[in-house]
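Heads up, the thing below is written out as structure tokens.
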Amino acid sequence: MVPHIKNYILAGADQVAIDAIAAKMMGFDPMDLKFLRLAHERGLGCANPSEIEVVGEDISDVNFHFHANMETFASRGQKLIYHGPLKPLENLLLRSCITPWSYYASRLYHDGFWYPIVGKPRVRAILRTEWGELFKSYGRTEA
12 MVPHIKNYIL
22 AGADQVAIDA
32 IAAKMMGFDP
42 MDLKFLRLAH
52 ERGLGCANPS
62 EIEVVGEDIS
72 DVNFHFHANM
82 ETFASRGQKL
92 IYHGPLKPLE
102 NLLLRSCITP
112 WSYYASRLYH
122 DGFWYPIVGK
132 PRVRAILRTE
142 WGELFKSYGR
152 TEA
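FYI, in our numbering the residues of the sequence shown are 12 to 154.
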């Protein structure tokens, strides 16, 4: 995850609509996003931006051009197991007595590598922004 400061606050009673408007602002069609579409179809809220009343700033032309399907180390490993050459080992790796290996592998990767090398610099950078300063004003924070 890479934080992006866009200086918008979204609020409303319909959380599906909030997610839909956030998705639209990110550059996605909310109705193309599986779980937003399903929530809309099942009546849990409205995901069609043309049916959502937005008050305040006009966001009709907002498009942050975000990209979907960013590959991570974990997602690549998951694809190898579920859809790739490790598929024959899926039951052994994920549904057997050695299943806890995934927990330890995740802890080792995220706590031993990703956070110290990638995450902590991102946290420090975000804490130096206006929003980071506000967050720090709430109490004890550290990277």
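Every residue gets a Cβ at the ideal spot worked out from N, C-alpha and C, and that includes glycine.
If you follow the alpha helix (DSSP H) that Asn74 is part of, which residue opens it and which one closes it?
Within the sequence shown, numbered from 1, the residue matching residue 74 stands at position 63. Segment: none, Asn74 is in no alpha helix (DSSP H) and carries neither H nor E.
Check whether the Cβ atoms of Val13 and Arg151 sit closer than 8 Å, and answer yes or no.
The residue labelled residue 13 in the question sits at position 2 within the sequence shown. The residue labelled residue 151 in the question sits at position 140 within the sequence shown. Their beta carbons are not under 8 Å apart, which means Val13 does not touch Arg151 by this criterion.
Beta carbon of Val66 nearer than 8 Å to that of Ile32:
To locate residue 66, count along the sequence shown from 1; it is residue 55. To locate residue 32, count along the sequence shown from 1; it is residue 21. No, the Cβ-Cβ distance between Val66 and Ile32 is not below 8 Å.
Check the C-beta distance from Val73 over to His51 and give it rounded, since I have them as a contact under 8 Å.
Numbered from 1 along the sequence shown, position 62 holds the residue referred to as residue 73. Numbered from 1 along the sequence shown, position 40 holds the residue referred to as residue 51. Contact flag wrong, Cβ pair sits at about 21 Å.
Please classify Ala34 as buried or exposed, where buried requires at least 16 other C-beta atoms within 10 Å of its C-beta.
On the sequence shown, position 23 is the one that residue 34 refers to. Burial call: buried.
Rounded to whole angstroms, what's the CA-CA distance from Phe124 to Arg48? Just pull it up for me.
Residue mapping note: residue 124 aligns to position 113 of the sequence shown, counting from 1. Residue mapping note: residue 48 aligns to position 37 of the sequence shown, counting from 1. Between Phe124 and Arg48, the C-alpha separation is close to 36 Å.
Looking at the structure shown, is Glu101 part of a helix, part of a strand, or coil, going by DSSP?
What you label residue 101 is simply residue 90 of the sequence shown in a count that begins at 1. Three-state DSSP puts Glu101 in a helix.
Please specify which runs of the alpha helix (DSSP H), each continuous and at least 4 residues long, are wholly inside the stretch 117–147, giving them in chain order.
131–138 and 141–147
For Met36, which of helix, strand or coil comes out of DSSP?
For the purposes of this step, residue 36 is identified with residue 25 of the sequence shown, where counting begins at 1. Three-state result, Met36: helix.
Mapping DSSP to helix, strand and coil, what is Pro111?
Translated into positions along the sequence shown, residue 111 becomes position 100. If DSSP states are grouped into helix, strand and coil, Pro111 belongs with coil.
Same chain only: Cβ atoms within 8 Å of Asn59, ignoring 5 sequence neighbours per side:
For the purposes of this step, residue 59 is taken as residue 48 along the sequence shown, with counting starting at 1. The answer, listed in chain order, is Ala31, Pro41, Met42 and His51.
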